[in-house]
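All residue numbers for the sequence shown refer to the numbering used here, where the first residue is 327 and numbers rise by one.
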Amino acid sequence: MEMTLQLTIDCADPQRLVAFWSEALGYVPEPPPGGHATWREYWVAMGVPEEDLPEGAGDVPESIIDPTGQGPRVWFQQVPEPKATKNRIHLDLKVGGGRDVPFAVRKQRVTATVERLTKAGAGVLRVTDEPDAGQYAVALRDPEGNEFDVV
C-alpha cells in the first residue's frame with residue numbers, strides 16, 4: 327500500500343501562511359491540477375458545490391509543495407476559530423548541520439535563518455544557547471502564532 331504524508335495547518339489566513347511557509351521551507355505554492363486556472367475552478371469541476379466554498383477559497387493556492395518532490399505537501403486549512411493554546415506538534419527546521427558541525431558554525435546558520443524568517447513575519451519566543459551542551463536553537467512563532475524551532 328502506498329502512503330504519502332500531508333501536513334495540515336489550521337489557520338485564519340491561508341494566503342499569508344502560504345507566503346511565510348514557502349519562504350521558511352523553500353517550498354512553492356501548489357499550482358492547481360492540469361487545465362484549471364484556480365483551485366476553486368478545479369473543486370467546482372470535481373463536484374464541490376459553490377455554496378460549500380467560502381468567498382475567495384481556492385482563488386489562490388492554499389497549499390505548498392517541495393519543488394524537489396521529497397517533502398510532504400502542506401495545506402493551510404481555513405478555520406473560523408482562532409489558535410487558542412500551545413501546539414501539541416511542531417516543526418523543527420534543522421539548518422545547523424548536526425553535531426558533527428562546529429558549534430559556532432551551527433549557531434551562525436541558525437541565526438541567519440532566524441533573521442530571514444523574522445523579516446518574513448516570524449516572532450522569536452526563546453533562544454536556547456548552551457555551548458557546553460553543544461545546543462543552540464531558537465523557538466519561533468509563525469504569523470498566526472504556530473510554534474516551530476530552528477536548530
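For glycine and all other residues, C-beta sits at the position ideal for the given N, C-alpha and C.
### Query
On the three-state DSSP scale, how would you describe E456?
Along the sequence shown, one-based indexing puts residue 456 at 130. E456: strand per DSSP, three-state reduction.
### Query
Hey, I390 and E356 are a contact pair by Cβ (cut 8 Å); roughly how many whole angstroms apart?
Residue numbering aside, residue 390 sits at position 64 when the sequence shown is read from its first letter. Residue numbering aside, residue 356 sits at position 30 when the sequence shown is read from its first letter. Contact holds; Cβ gap of about 6 Å.
### Query
Which residues in the same chain as K433 place their Cβ atom closer than 7 Å to its Cβ, once the five residues preceding and following it in sequence are excluded?
Taking the first residue of the sequence shown as 1, we reach residue 433 at position 107. Y462.
### Query
Comparing alpha-carbon positions, which option in E470, V354, T394 and V427 lies nearest L343?
The residue given as residue 343 occupies position 17 in the sequence shown. Selected option, being the one with the closest Cα: E470.
### Task
With DSSP collapsed to three states, give me the class of T394.
Working through the sequence shown from its first residue, we reach residue 394 at position 68. It is coil, neither helix nor strand.
### Pairwise C-alpha distance: D339 and V374
Walking along the sequence shown from the start, residue 374 turns up at place 48. Walking along the sequence shown from the start, residue 339 turns up at place 13. Approximately 21 Å between the Cα atoms of the pair.
### Task
Specify the secondary structure class of R399 as computed by DSSP and reduced to three states.
Your numbering for residue 399 matches position 73 in the sequence shown. In this structure, R399 counts as strand in the three-state DSSP scheme.
### At least three beta-carbon pairs within less than 8 Å, the stretch 450-461 to the stretch 389-406
no
### Query
Looking only at its own chain, which residues have a Cβ that is under 7 Å from the Cβ of V354, when we skip the five neighbours before and after it?
The residue you call residue 354 lines up with position 28 of the sequence shown. Excluding positions up to five away in sequence, the list reads S348, I390, I391 and P393.
### Task
Verify whether the separation of the beta carbon atoms of W400 and L351 is less than 9 Å.
For the purposes of this step, residue 400 is taken as residue 74 along the sequence shown, with counting starting at 1. For the purposes of this step, residue 351 is taken as residue 25 along the sequence shown, with counting starting at 1. Just to set this straight, residue 400 is Val in the shown sequence, not Trp. Cβ atoms of V400 and L351: closer than 9 Å.
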